[in-house]
Every structure is written in C-alpha cells, then in structure tokens.
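Single-structure report; data block below.
Numbering (the UniProt record's numbering), first residue to last: 1 to 326.
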C-alpha cells in the first residue's frame with residue numbers, strides 16, 4: 001500500500017489541479033459561447049472531465065488517509081458513481097456539440113482567445129512537474145500520460161485559434177472530442193467494474209501468488225476487484241487441520257503484509273480453510289459373515305440346554321426344603 005503521508009501529498013496536488021482547472025474551463029465555455037469558438041467549447045468539456053476527476057481523486061485519497069478500522073468501505077463506490085454520471089453528462093454534451101459544429105463552425109475568432117488555451121497548458125505543465133515526484137504511483141503515472149496528451153492538444157488548439165483555418169479548426173475539435181470519448185469509455189468501464197464487484201485481472205495478481213507459493217503457503221484462490229481507483233484483494237489459503245491457532249494468525253499476518261506491499265491495494269481479506277485429508281476406504285471381506293455364522297448357537301439344541309437348566313433349578317429347591325425340615 002502507498003504510504004499514508006504520500007497519499008496526503010498526492011491528494012493536495014490533485015486538489016490544486018482540479019481547483020484551478022475548473023474556473024479555466026468555465027472561462028473557456030463562456031468566451032466560447034460568446035465568440036462561437038468550437039475549439040474553446042470542446043476544450044472546456046475536456047477540462048470539466050479532468051477537473052472533476054482530479055477533485056474526486058483528491059477527496060478519495062484524503063478519505064483513505066483518515067481511515068480507521070471502522071472505515072465505511074462503501075465510500076469507494078462514491079467515486080465510481082460520480083465518475084459514471086459525469087462521464088455520461090459530458091459524452092451527451094460532446095455528441096450534441098458534434099451535431100452543431102458539423103452544420104456551423106466559426107473559425108474566425110480573435111487571436112487573443114488562444115491565451116486562455118495556453119493558460120490551461122501552463123497549468124497542465126505545472127501539475128505535470130508536481131506529479132512527476134510521485135510517478136512511482138500507478139494512479140499518478142496514468143495521469144502523467146494523460147497530461148502529456150493534454151499539453152500537446154492545448155498547444156495545437158492555441159495554434160489553430162491563431163491561424164483561423166477552417167479544416168484545422170475542425171480537425172482539432174474532432175480530435176479533442178475523440179480524446180473525451182476515449183476517456184469516458186475507459187472511466188465508464190472502470191466505474192462499472194467497481195460497482196458490480198467483478199473479478200478483474202490486476203497486474204500484481206500473479207506476482208502475489210508467486211511470492212506466497214514460494215514461501216510454502218498453499219493458495220486456493222485469489223480474487224481482485226476494483227474499489228474506485230484502488231483494489232480489494234481476497235486471498236483464500238489452506239492449512240492443515242492440526243495447525244495451531246497461533247501459527248494460523250502468523251500466516252494470515254504474513255499474507256496481509258505481502259499483499260499490502262503492492263500499491264493501489266486498499267483492502268485485504270484473508271480466509272483460511274482446512275486442507276482436505278484423503279480418507280482410506282475400509283475393505284470389508286467376506287470372512288466376517290462366515291465367522292459370525294459359525295459362532296451361532298445351534299437352535300435345535302437350545303431346548304435341551306434349557307431343560308437341563310430347569311433340572312438344576314429344581315434340584316436347588318429340593319435341597320433348600322430338606323435343610324429347612326431338619
């Protein structure tokens with residue numbers, strides 16, 4: 001798991017970028033509507049997605065930093081639900097805007113509008129420098145790649161506004177919307193995976209299994225599901241039935257420590273089940289019924305034995321009477 005202090009620092013970086021991207025996106029859509037600039041409006045849609053994602057990441061990381069044993073793990077789904085609604089809303093706006101710009105595209109706009117685009121690119125570059133310190137975190141590494149694409153597109157967009165060329169403007173707008181749709185599909189898929197709790201193929205799943213098996217731990221199964229931008233790992237191990245309870249706790253603690261060493265793992269569950277012992281079937285021979293049949297008392301002689309027992313009892317009675325008479 002990522003150190004909590006680093007989570008707090010990354011949370012501040014995401015909050016900083018989201019808080020500054022949001023007003024820039026509002027300014028872009030405002031002047032885009034006034035001057036009918038297709039590039040500004042398309043870039044504002046992209047900015048809204050980036051700002052919303054950054055703020056959600058910041059809130060989620062801050063929640064994880066303050067978590068306790070009574071942490072309501074369902075809060076992870078809030079990120080997925082929020083991303084789901086935001087992406088659907090932005091995709092609908094983008095599709096509707098495509099229909100508008102096909103019929104009417106205004107490419108003759110004031111050149112100074114490019115300064116709004118370039119201010120956004122400066123912010124993207126500053127955030128890129130800040131996030132580069134935490135590039136070992138997968139979440140930040142993904143955002144760094146996204147920032148490179150954003151920076152390139154913002155430079156091209158500002159250049160297109162200055163040139164005021166129809167086909168270049170149209171190409172830039174469709175490229176930006178293409179990025180929006182690609183991001184929306186990716187985030188939509190991850191949000192659905194997180195909400196339904198599907199078992200996903202995380203890159204560290206096989207590594208966890210290899211490490212645990214190298215320690216002699218019998219792994220039955222490993223399940224990995226998405227929790228927003230993080231993962232929940234469920235490990236099932238088997239131990240001998242005669243294993244001491246103290247050893248069971250030690251092994252569970254070892255498994256948790258190893259799994260917790262992987263980044264983006266927010267929750268770990270370890271279940272211990274007893275190993276199945278192979279039972280040997282008892283072979284029943286045919287000699288047993290033969291012996292029991294041989295040991296049976298002959299029923300024809302039973303009447304003779306019972307008569308002898310009666311004679312013995314009668315003899316005892318006669319002796320008692322003779323003794324009493326004397």
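Yeah, the Cβ is synthetic: ideal placement off N, Cα and C, and Gly gets one too. What you are looking at is a predicted structure, and each value in this text was computed from that prediction instead of being measured.
Cα separation between residue 25 and residue 39?
Approximately 12 Å between the Cα atoms of the pair.
With residue 231 as the anchor, note down where its beta strand (DSSP E) starts and where it stops.
Residue 231 -> beta strand (DSSP E) spans 230-239.
Cβ atoms of residue 56 and residue 83: under 8 Å apart, would you say?
For residue 83 and residue 56, yes; Cβs fall inside 8 Å.
For the 8 Å Cβ check, are there 3 or more pairs between the segment 161-168 and the segment 107-119?
Enough Cβ pairs lie closer than 8 Å, so yes.
Would residue 34 be called buried (16 or more neighbouring beta carbons within 10 Å of its own) or exposed?
It is exposed - the Cβ of residue 34 has fewer than 16 other Cβ atoms within 10 Å.
Once DSSP output is grouped into helix, strand and coil, what is the label at residue 23?
Correct three-state label for residue 23: helix.
Exposed or buried, which one is residue 281 when buried takes at least 16 other CB atoms within 10 Å?
Legend: pLDDT at residue 281 = 48, less than 50; position of this residue unreliable, value from coordinates given subsequently. Exposed: under 16 other Cβ atoms inside 10 Å.
Rounded C-beta distance between residue 127 and residue 17? I'm assuming under 8 Å.
At roughly 4 Å, the Cβ-Cβ gap stays under 8 Å, so residue 127 and residue 17 are in contact.
Could you give the distance in angstroms between the alpha-carbon of residue 131 and the alpha-carbon of residue 230?
Distance between the alpha carbons of residue 131 and residue 230: 18 Å.
In angstroms with no decimal places, state the Cα-to-Cα distance between residue 238 and residue 44.
Roughly 54 Å between the two C-alpha positions.
Along the chain, which unbroken stretches of the beta strand (DSSP E) at least 3 residues long are found entirely within the segment 103-158?
If we require 3 residues or more, the segment 103-158 turns out to have no beta strand (DSSP E) run fully inside it.
Confirm, please, whether the CB-CB distance from residue 259 to residue 208 is below 8 Å.
Yes, Cβ-Cβ distance for residue 208 and residue 259 is below 8 Å.
In three-state DSSP terms, what is residue 244?
Correct three-state label for residue 244: coil.
Given that a residue counts as buried once 16 or more other Cβ atoms are within 10 Å of its Cβ, and exposed if not, what is residue 12?
So residue 12 counts as exposed.
Are residue 147 and residue 124 closer than 8 Å when you measure CB to CB?
A contact, by the Cβ cut-off of 8 Å.
Have a look at 94, 37, 21, 50 and flag the residue whose alpha-carbon is nearest the alpha-carbon of residue 119.
With distances taken between Cα atoms, residue 119 lies closest to 21.
Only counting the same chain, and skipping five residues up and downstream in sequence, which positions put a Cβ closer than 8 Å to that of residue 211?
So the qualifying residues of the chain are 258.
By the three-class DSSP mapping on this structure, what secondary structure does residue 280 have?
Unreliable placement is indicated for residue 280, whose pLDDT of 49 sits below 50; the coordinate value is still reported in the next sentence. Residue state, collapsed to three classes: coil.
Could you say which of 47, 200, 89 lies nearest to residue 121 if we only look at CA atoms?
Of the listed residues, the one whose Cα sits closest to residue 121 is 47.
Tell me whether residue 245 is buried or exposed, calling it buried when 16 or more other Cβ atoms sit within 10 Å of its Cβ.
Flag for residue 245 reads exposed.
On a Cα-Cα basis, can you pick out the residue from 80, 141, 174 that is closest to residue 41?
Checked all of 80, 141, 174; the closest Cα to residue 41 is 174.
Can you tell which of 201, 198, 151, 167 has the C-alpha that lies nearest to the C-alpha of residue 179?
Out of 201, 198, 151, 167, 151 has the C-alpha closest to the C-alpha of residue 179.
Following the continuous beta strand (DSSP E) through residue 227, name the residue where it begins and the one where it ends.
Segment 218-227, the beta strand (DSSP E) holding residue 227.
Taking 7 Å as the limit between beta carbons, can you name the residues of its chain near residue 27, skipping five residues before and five after?
Result list for residue 27: 116, in chain order.
Measuring alpha carbon to alpha carbon, tell me which residue in 158, 243, 190 is nearest residue 274.
Answer by Cα proximity: 243.
Within 10 Å of its beta-carbon, does residue 91 have 16 or more other beta-carbons around it, so buried, or fewer, so exposed?
Classification for residue 91: buried.
Check the C-beta distance from residue 227 over to residue 266 and give it rounded, since I have them as a contact under 8 Å.
With 8 Å as the limit, residue 227 and residue 266 qualify as a contact, their Cβ atoms being about 5 Å apart.
Given that a residue counts as buried once 16 or more other Cβ atoms are within 10 Å of its Cβ, and exposed if not, what is residue 7?
Per the 10 Å Cβ criterion, buried.
So, at 7 Å on beta carbons, what are the nonlocal neighbours of residue 252 in its own chain, with the 5 sequence-adjacent residues on each side left out?
Same-chain partners within the cutoff: 270, 272.
Residue 191 and residue 80 - do their beta-carbons sit closer together than 8 Å?
A contact, by the Cβ cut-off of 8 Å.
Tell me the rounded alpha-carbon separation between residue 186 and residue 254.
Cα to Cα, residue 186 sits roughly 35 Å from residue 254.
How big is the Cα-Cα spacing for residue 263 and residue 166?
Taking the straight line from one Cα to the other gives about 47 Å.
Quick check on residue 9: does DSSP put it in helix, strand or coil?
Residue 9: helix per DSSP, three-state reduction.
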